[in-house]
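A.B. asks: At position 155 of the sequence shown (counting the first as 1) the number is 620 in the working numbering, and the numbers step up by one without a gap.
Heads up, the beta-carbon is just placed ideally off N, CA and C, and yes, glycines get one too.
The structure displayed is predicted, hence computed values, not measured ones.
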Amino acid sequence: MIFRNSVLLAIFSALSLFLAIIRDRLLSTHVGIGPTLDVYNAAFRFPDLLYGALLAFVTAGTVVPFLTKENSHGGILDPRQKLFSLTLFFGAMLGIGAGIIALTLPLYASVIVPGFTEAQISEFIFATRILLIQPFFLGITSLISCFSQLRNEFILYGISPLGYSLSIIASILWLYPIYGLQGLLYGVVVGSVVSCMIQAFSLRKAELHKLTYHYAFRHVKELVRLAIPRTGTNITTQVRVIFWTGLATTFGPGGLTSFLFAQRITDAVTQLIQQSITTASLPVLSKDFLEGRNEEYSKIVHRYLIWLGGIGVFVALVIYMLKDYIIVLLYGSTGYNSNIAYFLIGFLIALPFTMISGYLSISLYAMKDTKSVFVAFFVGTVLSVCAGLITRSQGEQSLVIAVLVWAISQFLLLSFLYMRKNKVVTLV
466 MIFRNSVLLA
476 IFSALSLFLA
486 IIRDRLLSTH
496 VGIGPTLDVY
506 NAAFRFPDLL
516 YGALLAFVTA
526 GTVVPFLTKE
536 NSHGGILDPR
546 QKLFSLTLFF
556 GAMLGIGAGI
566 IALTLPLYAS
576 VIVPGFTEAQ
586 ISEFIFATRI
596 LLIQPFFLGI
606 TSLISCFSQL
616 RNEFILYGIS
626 PLGYSLSIIA
636 SILWLYPIYG
646 LQGLLYGVVV
656 GSVVSCMIQA
666 FSLRKAELHK
676 LTYHYAFRHV
686 KELVRLAIPR
696 TGTNITTQVR
706 VIFWTGLATT
716 FGPGGLTSFL
726 FAQRITDAVT
736 QLIQQSITTA
746 SLPVLSKDFL
756 EGRNEEYSKI
766 VHRYLIWLGG
776 IGVFVALVIY
786 MLKDYIIVLL
796 YGSTGYNSNI
806 AYFLIGFLIA
816 LPFTMISGYL
826 SISLYAMKDT
836 KSVFVAFFVG
846 TVLSVCAGLI
856 TRSQGEQSLV
866 IAVLVWAISQ
876 FLLLSFLYMR
886 KNKVVTLV
């Protein structure tokens, strides 16, 4: 089942990546690597931080094990009321958080993007406020997808991101020439709405009309104990990304976009391969752990860790040899190709470590151990920030060093914590 669903998700991921390639090429050629695109990319940082802070309440790694509860006869209990309670909680918390960020952002915007001019900072504040709408729809989409994954329905889960990417592509072609940066922002917001509507179609057979709608705080309280460490993990991740963003803005116009374009190449690999496997593995691992099949659980994890590590090394070597051609193919011939290539080398070295770390994380989540993942992410982030600050006088090299310190330290910590946790579970 894992292999079949992984292949299905990989196909949709490939389609999504194809659209992402078109999107980035259009951004590079129609908008151009420079101040406007830097502002556009930086504007995602606080919406992503807000979404990350609440992601533990809407992501499969936490919600699927939470919903996977059995009755005395071995059947899965109805998860719909829990899903409804989580949706109300997420919406309320997101509204409060978005309001606070929108009101206070002018007070610290210059600290977040220290390399921006005053005009760019003003645009950054405006763009961030618009994009704060996006996390709500992405969160609802993620919650619905958790319900679908629990029932091993992955088709709409795979189709949903396609609507998001198509909306952004449309905004680049038709809205940006008329409205400029605002046109791009509207495309992102509309894309999140379209993605949510597609995923919502998966509820057509859920018979929600037969459900008595109510909010039960006990459902949220039950998840909070499991989700708080995951929330800490997500916040830690976004803080690291914000630090990397701020450091990249000090490299001059185009520095941030060059860094992100390089990152997206390796992100495409993890999305296509690692995320497809981890998404398909989670329901199976959660059920094996719940039912005490520890040996089967360990075999699955061991098998896919070897696969992901080997694939990561192979793909990194291939991309390295073809990096100049890939960059021209994806982004065209710009004055920033050498900058993108430099950052890409750092991400390629980190690639095998990040792919293995992703599966180790989902393996620990399946055991409902969110604390270990938080510890690894927190320590990795602290070390990465320290490395970037210590070497910041070295320019772009400091950001590459920060990325490598994060990837390797996180991999080592997750490996140690997983082996310790798995040993205890096996003995029990």
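At which residues does the alpha helix (DSSP H) containing D503 begin and terminate?
C.D. replies: That run of the alpha helix (DSSP H) goes 500-507.
A.B. asks: Would you check if the region 802-813 and the region 865-873 touch, i.e. whether three or more CB-CB distances between them fall below 8 Å?
C.D. replies: yes
A.B. asks: List the endpoints of the continuous alpha helix (DSSP H) containing F842.
C.D. replies: In the DSSP assignment, F842 falls within the unbroken alpha helix (DSSP H) covering 835-855.
A.B. asks: Contact between the region 723-743 and the region 478-498 is defined here as three or more beta-carbon pairs at a separation below 8 Å; is this criterion met?
C.D. replies: yes
A.B. asks: Please list the terminal residues of the continuous alpha helix (DSSP H) segment that includes E761.
C.D. replies: 759-786
A.B. asks: Q703 and A518: beta carbons closer than 9 Å?
C.D. replies: yes
A.B. asks: How many Å lie between L882 and Q740 at the Cα?
C.D. replies: 21 Å
A.B. asks: Near L570, what residues of its chain come up, given a Cβ to Cβ distance below 8 Å and the 5 sequence neighbours on each side ignored?
C.D. replies: F511, I590, T593, R594
A.B. asks: Which residue from P718, I598, D732 puts its Cα closest to that of A485?
C.D. replies: Minimum Cα-Cα distance from A485 among the listed residues P718, I598, D732 corresponds to D732.
A.B. asks: With DSSP as the reference, label V578 as helix, strand or coil.
C.D. replies: coil
A.B. asks: Among the candidates L596, T715, P626, L816, whose CA atom is the shortest distance from the CA of Q728?
C.D. replies: Considering only alpha carbons, the answer is L816.
A.B. asks: Go to F818, then tell me how far its alpha helix (DSSP H) extends in each direction, as first and last residue.
C.D. replies: Here the alpha helix (DSSP H) through F818 covers 802-831.
A.B. asks: Let's see if you can read the secondary structure: which residues bound the alpha helix (DSSP H) around Q740?
C.D. replies: 740-755
A.B. asks: So, with DSSP's three-state summary, where would you put R669?
C.D. replies: It is coil, neither helix nor strand.
A.B. asks: Helix, strand or coil: which one does DSSP assign to G797?
C.D. replies: coil
A.B. asks: Closest by CA to M884, which one among Y641, T835, L829, V865?
C.D. replies: L829
A.B. asks: So, helix, strand or coil for G697, using DSSP?
C.D. replies: helix
A.B. asks: Determine the burial state of V780: buried for a count of at least 16 other Cβ atoms within 10 Å of its Cβ, exposed for fewer.
C.D. replies: Answer is buried; the Cβ neighbour count reaches 16.
A.B. asks: Quick one: measure Cβ to Cβ for K886 and S826, integer angstroms, because I've assumed they're closer than 8 Å.
C.D. replies: The pair is not a contact, with the Cβ atoms about 12 Å apart (cut-off 8 Å).
A.B. asks: Would S907 and Q664 qualify as a contact pair, given that the criterion is a beta-carbon distance under 9 Å?
C.D. replies: The chain is shown from 466 up to 893; residue 907 falls before or after that span and cannot be answered.
A.B. asks: Within 10 angstroms of its Cβ, does K788 collect 16 or more other Cβ (buried), or is it exposed?
C.D. replies: Counting Cβ neighbours within 10 Å, K788 comes out buried, since at least 16 surround it.
A.B. asks: Taking three-plus beta-carbon pairs below 8 Å as touching, is the region 719-728 in contact with the region 490-498?
C.D. replies: yes
A.B. asks: When you compare the CB positions of K686 and F754, do they come within less than 9 Å of one another, or not?
C.D. replies: no
A.B. asks: Excluding the 5 residues flanking C661 on each side, which residues of the same chain have their C-beta closer than 6 Å to its C-beta?
C.D. replies: F602, I605, T606
A.B. asks: Do G656 and Y629 have their C-beta atoms within less than 9 Å of each other?
C.D. replies: Yes; because the gap between Cβ atoms is below 9 Å, this pair is in contact.
A.B. asks: Starting from the C-beta of V893, find all residues in its chain whose C-beta is less than 6 Å away, skip the five residues before and the five after it, and write them out in chain order.
C.D. replies: At V893, the pLDDT of 45 sits below 50, so the modelled position is not reliable; the number obtained from the coordinates is stated separately. Result list for V893: empty, nothing under 6 Å.
A.B. asks: Report all residues from its chain with a CB closer than 6 Å to the CB of F554; omit the five preceding and five following residues, and keep chain order.
C.D. replies: V685
A.B. asks: Quick check: what's the CA-CA separation for E756 versus P748?
C.D. replies: 12 Å
A.B. asks: How about the region 696-715 and the region 577-586: do they share at least three Cβ pairs that are nearer than 8 Å?
C.D. replies: yes
A.B. asks: Once the 5 residues before and after E761 are set aside, which same chain residues still bring their CB inside 6 Å of it?
C.D. replies: D753
A.B. asks: Where do the ends of the alpha helix (DSSP H) carrying F724 lie?
C.D. replies: 720-734
A.B. asks: Which runs of the alpha helix (DSSP H) fall wholly inside the region 589-657 and span at least 4 residues, in chain order?
C.D. replies: 599-615, 620-635, 641-644
A.B. asks: What does the alpha-carbon distance come out to for the pair F843 and L514?
C.D. replies: One C-alpha to the other measures close to 15 Å.
A.B. asks: By Cβ distance below 7 Å, which residues in the same chain neighbour G539 in space, the five residues on each side in sequence not counted?
C.D. replies: Below a pLDDT of 50, predicted positions are generally treated as unreliable, and G539, at 41, falls in that range; the measurement from the model is reported next regardless. Result list for G539: empty, nothing under 7 Å.
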